[in-house]
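Asker: Have a look at this one before I ask anything.
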Amino acid sequence: MSTTSFPSDWVLRWAQAWRDRDGITALDLACGPGRHLRLLAGEGVAVTGVDRDAAALASLAGLSDQVELIQADIEQGPWPLADRAFDVVLVTNYLWRPLLPRVVEAVAPGGWLIYETFTDGQQTIGRPANPDFLLRPGELLAAVDGLRVIAYEDGFIESPGGGTEDGAVNGRHVQRVAAVRENRRAGAATASGQAGDGGASPGVYPRYRLR
Numbered sequence: 026m027s028t029t030s031f032p033s034d035w036v037l038r039w040a041q042a043w044r045d046r047d048g049i050t051a052l053d054l055a056c057g058p059g060r061h062l063r064l065l066a067g068e069g070v071a072v073t074g075v076d077r078d079a080a081a082l083a084s085l086a087g088l089s090d091q092v093e094l095i096q097a098d099i100e101q102g103p104w105p106l107a108d109r110a111f112d113v114v115l116v117t118n119y120l121w122r123p124l125l126p127r128v129v130e131a132v133a134p135g136g137w138l139i140y141e142t143f144t145d146g147q148q149t150i151g152r153p154a155n156p157d158f159l160l161r162p163g164e165l166l167a168a169v170d171g172l173r174v175i176a177y178e179d180g181f182i183e184s185p186g187g188g189t190e191d192g193a194v195n196g197r198h199v200q201r202v203a204a205v206r207e208n209r210r211a212g213a214a215t216a217s218g219q220a221g222d223g224g225a226s227p228g229v230y231p232r233y234r235l236r
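Its first residue numbered 26, the sequence shown is counted upward by one per residue in our numbering.
This is the structure:
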């Protein structure tokens, strides 16, 4: 699947997950050449990129002293992050079903999961066509059970101008979710209920902006 350097519009829509928050850590899983890792690093986020492609990771070397690069085959080898958790977990254009629970577990209390990938139907217009890499209807929503779902979409995105940021000529069938692991500890909230706090005492609610 060809990609360009343009970040996903879904990822950009949920930039509140890391903007205006101090000391944020992020995981870009199956980061490839790093279109989202570069975005986060450029905004001062401490980001960890994981991919099996050594050449792709090499292109990101020296990008920032806050960037950590891990070469690992997460499908055939062990999970390389142990019990680490992150304030933002990004996954785009990637699916390996056995890892879905690990991905969700990697979201820290108060953290966000932003996930977007292809779904059943994509095989009728292009790649990927292997059902192992295509979500079933509603599958991503079920996978994030236990997180608070802020937004979820399951459908077809047209490709005006003959393409998308993912290089798909005829559009793409996708599922995508933005979800938060809320951390409702007593006394954890500020009076403002600032977006992205992820923690609130009873009666105080973070403001997750939908647009």
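C-beta: ideal position from N, C-alpha, C; glycine also.
If you pair each beta-carbon of the stretch 119–131 with each one of the stretch 52–60, do three or more pairs fall below 8 angstroms?
Answerer: Taking 8 angstroms as the limit for Cβ pairs, the verdict is that the stretch 52–60 does touch the stretch 119–131.
Asker: Can we say the stretch 93–106 touches the stretch 75–82, given the rule of at least three CB pairs closer than 8 angstroms?
Answerer: Counting Cβ pairs under 8 angstroms, three or more are found: they touch.
Asker: Use the C-beta contact count for Leu-3: other C-beta atoms within 10 angstroms, 16 or more gives buried, fewer gives exposed.
Answerer: The structure shown does not extend to residue 3, since the chain is modelled only from 26 through 236, so no value can be given for it.
Asker: Using three-state DSSP, classify Glu-13 as helix, strand or coil.
Answerer: In the structure displayed, the chain extends from 26 to 236; residue 13 sits before or after that span and is not available.
Asker: With a cut-off of 8 angstroms, do at least 3 Cβ pairs link the stretch 128–143 to the stretch 95–114?
Answerer: Output reads yes: the stretch 95–114 touches the stretch 128–143.
Asker: According to DSSP, is Asp-34 helix, strand or coil?
Answerer: Locating residue 34 in the sequence shown gives position 9, counting from the first residue. Looking at Asp-34 - three-state DSSP - the assignment turns out to be helix.
Asker: Would you report the Cα separation of Arg-60 and Val-229, rounded to the nearest angstrom?
Answerer: Here residue 60 refers to the residue found at position 35 when the sequence shown is read from its first residue. Here residue 229 refers to the residue found at position 204 when the sequence shown is read from its first residue. For Arg-60 and Val-229, the distance between alpha carbons rounds to 36 angstroms.
Asker: Is it buried or exposed for Arg-234, if we count other Cβ within 10 angstroms and need 16 for buried?
Answerer: Numbered from 1 along the sequence shown, position 209 holds the residue referred to as residue 234. So Arg-234 ends up on the exposed side.
Asker: List the endpoints of the continuous beta strand (DSSP E) containing Ala-176.
Answerer: As a working mapping, residue 176 is identified with position 151 in the sequence shown. Start and end: 173–182.
Asker: Nearest by alpha-carbon distance to Gly-136: which of Pro-156, Ala-66 and Val-174 is it?
Answerer: To locate residue 136, count along the sequence shown from 1; it is residue 111. It is Val-174.
Asker: Does the CB of Gly-87 have a neighbour CB from chain B at under 8 angstroms?
Answerer: No chain B appears in the structure shown, which is made up of a single protein chain.
Asker: Please report how far the alpha carbon of Gly-74 lies from the alpha carbon of Phe-158, in whole angstroms.
Answerer: Position 49 of the sequence shown, counted from the first residue, corresponds to residue 74. Position 133 of the sequence shown, counted from the first residue, corresponds to residue 158. Going by the C-alpha atoms only, they are around 21 angstroms apart.
Asker: From which residue to which residue does the alpha helix (DSSP H) around Arg-63 run?
Answerer: Counting from one through the sequence shown, the residue named residue 63 turns up at place 38. 60–67 is the span of the alpha helix (DSSP H), which, as asked, contains Arg-63.
Asker: Can you name, in chain order, every residue of its own chain whose Cβ lies under 6 angstroms from the Cβ of Asp-45, other than the five neighbours on each side?
Answerer: Along the sequence shown, one-based indexing puts residue 45 at 20. Closer than 6 angstroms at Cβ, skipping near neighbours: no residue.
Asker: To the nearest angstrom, how far is the alpha carbon of Ile-99 from that of Phe-181?
Answerer: Residue 99 sits at position 74 when you count from the first residue of the sequence shown. Residue 181 sits at position 156 when you count from the first residue of the sequence shown. Roughly 28 angstroms separates the two Cα atoms.
Asker: Taking the C-alpha atoms as reference points, what is the distance between Arg-109 and Ala-131?
Answerer: Here residue 109 refers to the residue found at position 84 of the sequence shown. Here residue 131 refers to the residue found at position 106 of the sequence shown. Each residue's Cα considered, the two are about 6 angstroms apart.
Asker: Hey, how far is the Cα of His-198 from the Cα of Arg-232?
Answerer: Position 173 of the sequence shown, counting from 1, holds the residue named residue 198. Position 207 of the sequence shown, counting from 1, holds the residue named residue 232. His-198 and Arg-232: Cα-Cα distance of roughly 30 angstroms.
Asker: Tell me where the alpha helix (DSSP H) around Val-116 begins and ends.
Answerer: Within the sequence shown, the letter at position 91 stands for residue 116. No alpha helix (DSSP H) holds Val-116; the beta strand (DSSP E) holding it covers 111–117.
Asker: What are the residues that DSSP puts in a beta bridge with Trp-137?
Answerer: Here residue 137 refers to the residue found at position 112 of the sequence shown. For Trp-137, which the question treats as bridged, DSSP gives the partners Val-113 and Val-205.
Asker: Report yes if the CB atom of Gln-200 is closer than 8 angstroms to the CB atom of Thr-149, and no otherwise.
Answerer: As a working note, residue 200 is residue 175 in the sequence shown. As a working note, residue 149 is residue 124 in the sequence shown. No. Outside cutoff.
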